[in-house]
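Using my numbering, you'd call the opening residue of the sequence shown number 78 and step up by one each time. Ideal Cβ placement from N, Cα and C applies to all residues, glycine included. Have a look at the structure below before the remarks.
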Amino acid sequence: MTDVPTDPYETAFEGRLAALQPDLARTLARVYAPEVVPGVSARLVEIARAAHDARPEELRRLDERRLAEPDWFQRPTMLGYAAYADRFGATLRGVAERAAYLRDLGVGYLHLMPLLTPRPEPNDGGYAVMDYRSVRPDLGDVDDLRHLATTLREQGISLCLDLVLNHVAREHAWARAARAGDAEKRAWFHVHPDREVPDAYEATLPEVFPDFAPGSFTWDDELDGWVWTTFNHYQWDLDWSNPEVLCEFADIILALANLGVEVFRLDAIAFIWKRLGTDCQNQPEVHELTRALRTVARIAAPAVAFKAEAIVGPADLPAYLGVGEHAGRVSDLAYHNSLMVQVWSMLASRETRLATRALQQLPQPPSTTAWITYVRCHDDIGWAIADEDARAVGLDPHLHRRFLSDWYAGMFPGSWARGLVFQQNEVTGDRRISGSLASLAGLEAGDPGAAARILLAHAIVLSYGGLPVIWMGDELGLLNDQGWADDPDHAADNRWVHRPPMPWDVVERGTDPHGITAGLRHLVEVRRTLPHLHAAVPTEVWDPRDPRVLLVVRRHPEGPLLAAHNVSDEEAWVAADVLHWLGLHVPGLRDALTGTAPDLQDGAVRLGPYASAWLHDGLGG
Ligand code: GLC
78 MTDVPTDPYE TAFEGRLAAL QPDLARTLAR VYAPEVVPGV SARLVEIARA
128 AHDARPEELR RLDERRLAEP DWFQRPTMLG YAAYADRFGA TLRGVAERAA
178 YLRDLGVGYL HLMPLLTPRP EPNDGGYAVM DYRSVRPDLG DVDDLRHLAT
228 TLREQGISLC LDLVLNHVAR EHAWARAARA GDAEKRAWFH VHPDREVPDA
278 YEATLPEVFP DFAPGSFTWD DELDGWVWTT FNHYQWDLDW SNPEVLCEFA
328 DIILALANLG VEVFRLDAIA FIWKRLGTDC QNQPEVHELT RALRTVARIA
378 APAVAFKAEA IVGPADLPAY LGVGEHAGRV SDLAYHNSLM VQVWSMLASR
428 ETRLATRALQ QLPQPPSTTA WITYVRCHDD IGWAIADEDA RAVGLDPHLH
478 RRFLSDWYAG MFPGSWARGL VFQQNEVTGD RRISGSLASL AGLEAGDPGA
528 AARILLAHAI VLSYGGLPVI WMGDELGLLN DQGWADDPDH AADNRWVHRP
578 PMPWDVVERG TDPHGITAGL RHLVEVRRTL PHLHAAVPTE VWDPRDPRVL
628 LVVRRHPEGP LLAAHNVSDE EAWVAADVLH WLGLHVPGLR DALTGTAPDL
678 QDGAVRLGPY ASAWLHDGLG G
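Here it is, written out as structure tokens:
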């Protein structure tokens, strides 16, 4: 008898390699010239093999677990939380010490804002990375990162880190080499000797930060050229048409995965491929490159999941979870930017027609993926509303976006919102909005409906289907940080108004004057019990009979769930025919949020101002 390899992990690796390598090669062939594909493919396999060889035993076991239970992030028991490490726990060790707080909230997934070594301030909150292989020194070091990932994992929390792959800091070694005249590294960036090519691109490029970083190219004396800088002048876009960039990032991902990072937030992923005559976002190659990276990760470290940060219009969103041939093969998670925008639009306009229409246009995501549903994050809110959706419900798209900006900047008569205008674009008239959830929802202004409105917003994202993520401090109803501009490095960027430090004294006192913490906890607890809210169950948005009510339906083998949300400050109704068509029987109808029968009048369900009801058939279970 001949010896056969006995290492089960090795056998599993070889199996994945054999299954996935052909797909990797085909994907690369759709991006790069045919003559380079075999070489790039072979290098990626080498990178995967080396990373797998180095993968700690504990993480190999995690790989097996995730392969056995691939829906771990789709379950209704899963809840996410996002925070700045320093503002939440001072250091990585400090964050690890706060794991119990997160567990207690029900959190199973923690996205920590950029913590790899950035350039010195200003660095866009860490999104200008100088070294992907070390940790920001004041937060700790690589051992602390490993310790944090391990501690969190032991408590059932998966760690998600940003992978900033559109750009690096001007001070990154690759950019420094390019500046020093290294021709090979210069080819990792988009550099042009004069304005000819930049002007040609800029003819169709929108500006991301028109106020403090106008244009998309920056002149650099040392480079003696114009370098592509979509965001700030110190963030240099990488040229992903160069396969060296892909190979390097594959290696970075796997090195971080071997420290215990489970989810990678693909920062600004929409921008990585440039094409003349377009807005240089959402190009097909973006999805091919994501697929290539994911395939390498599947081979070497299958526990790894990707989360796409593509804050794009609704028509471009579905591709990030994969449509057609890419279904289930690109990112596992993606921000549901459209739902977030529609939540704010509904609250300001007190009606649901636009939201219903916009959400109905989105196809179901692949059943192995999940939307990240959220009310607020660390960024501004841009009014990503499709013109055709607005027109379809009789709204002028431009005027509606203007209304929303005015409303949330507190400039519209009667507005309860206290936001700030972020990036006023003179050309397009766009004005984005900064502000904390609570301040935008009226708590800062002392509006009596604020707390109910805040809980309604949470109720919508918790019952929509997907992985809901809470932005740090929103569980406490934190207001805008009035001192946000005191730090001179932040003063030009008012997104810092909604990035306050965590007030642990408030947490410890346990005061909850508006019932926001208790209300949110209740929603999370009820959500955990509802199998309908597994992300694999399709989400249907039904036409509102009462235009003040958003109707979200999930049909599960155990019976349907109807989440009805009244976005107005008046009482509103779920019409009897909705219950009828869904097969929900009035005797036995239960609201999961109260555990009792809903308030029924003539067969219709009454919803109080800003109330939600999560209705299901109590008889069915
Ligand atoms: C992402 C981040 C944002 C940052 C930008 C550039 O959109 O969320 O904060 O400014 O990328 O890295």
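Environment of residue i [buried if 16+ CB atoms lie within 10 Å]
i	result
G698	Residue confidence for G698 is low, a pLDDT of 41 falling below 50, so the modelled location carries little weight; the figure read from the coordinates is stated next. With fewer than 16 other Cβ atoms within 10 Å, it is exposed.
R352	exposed
E365	buried
Q419	buried
L638	buried
W251	buried
G202	buried
G92	exposed
M155	buried
Q500	buried
M207	buried
V618	buried
A380	buried
A257	exposed
L97	buried
S408	buried
M579	buried
D712	Since the first residue shown for the chain is 78 and the last is 698, residue 712 is missing from the structure and cannot be characterised.
T355	exposed
R530	buried
A690	buried
G512	buried
E521	buried
D239	buried
M488	exposed
Q358	buried
H188	buried
W548	buried
A138	Note that residue 138 corresponds to Arg in the displayed sequence, not to Ala. Burial call: exposed.
R468	exposed
Bridge-paired residues (DSSP) for residue i
i	result
F90	F90 pairs with nothing; no bridge assigned.
C237	H188 and V340
L684	A649
Q501	R508
K351	DSSP lists no partner for K351.
P545	T450
S492	Answer is none; S492 lacks a bridge partner.
Q678	A681
D668	T673 and L692
Y412	I449
T104	Per DSSP, none; premise fails for T104.
V117	Its beta-bridge partners do not exist; DSSP assigns none.
V212	L193
A382	V340
V206	P195
Anticipated Cβ contact below 8 Å, residue i with residue j, distance rounded
i	j	result
F383	F341	5 Å
W296	T306	Not confirmed; about 10 Å, so no contact.
F150	L410	7 Å
Y412	I462	Actually they are not in contact, since the Cβ atoms of Y412 and I462 sit about 16 Å apart, beyond 8 Å.
A222	L136	Before going further, note that residue 222 is Leu rather than Ala in the sequence given. L222 to L136, Cβ: 14 Å. No contact.
L336	V219	7 Å
N243	F348	5 Å
I329	Y209	5 Å
P624	E386	Contact doesn't hold; Cβ gap of about 32 Å is too wide.
I376	L193	Their Cβ separation, rounded to whole angstroms, is 24 Å, which puts I376 and L193 out of contact at 8 Å.
G587	L532	Not quite, the Cβ-Cβ distance comes to about 18 Å (not below 8 Å), so this is no contact.
V268	V304	5 Å
Inset, instruction - Only counting runs of 4 or more residues, tell me where the alpha helix (DSSP H) segments fall wholly within the segment 141-179, in order along the chain. - result: 162-166 and 169-174
Legend entry - alpha helix (DSSP H) segments (min. 4 residues) lying fully within the segment 244-327: 250-256, 260-263 and 273-279
Inset, instruction - Just list the alpha helix (DSSP H) runs in the segment 588-646, keeping only unbroken ones of 4 residues or longer that don't cross its boundaries, in chain order. - result: 593-605
Inset, instruction - Pick out the complete beta strand (DSSP E) segments inside the segment 433-458, 3 residues or longer, and give them in chain order. - result: 447-450
Inset, instruction - Report the residue ranges of all alpha helix (DSSP H) runs contained in full by the segment 461-493; include only those spanning at least 4 residues, in chain order. - result: 464-469 and 474-485
Legend entry - Contained beta strand (DSSP E) runs [length at least 3] in the segment 514-578, N- to C-terminal order: 544-548
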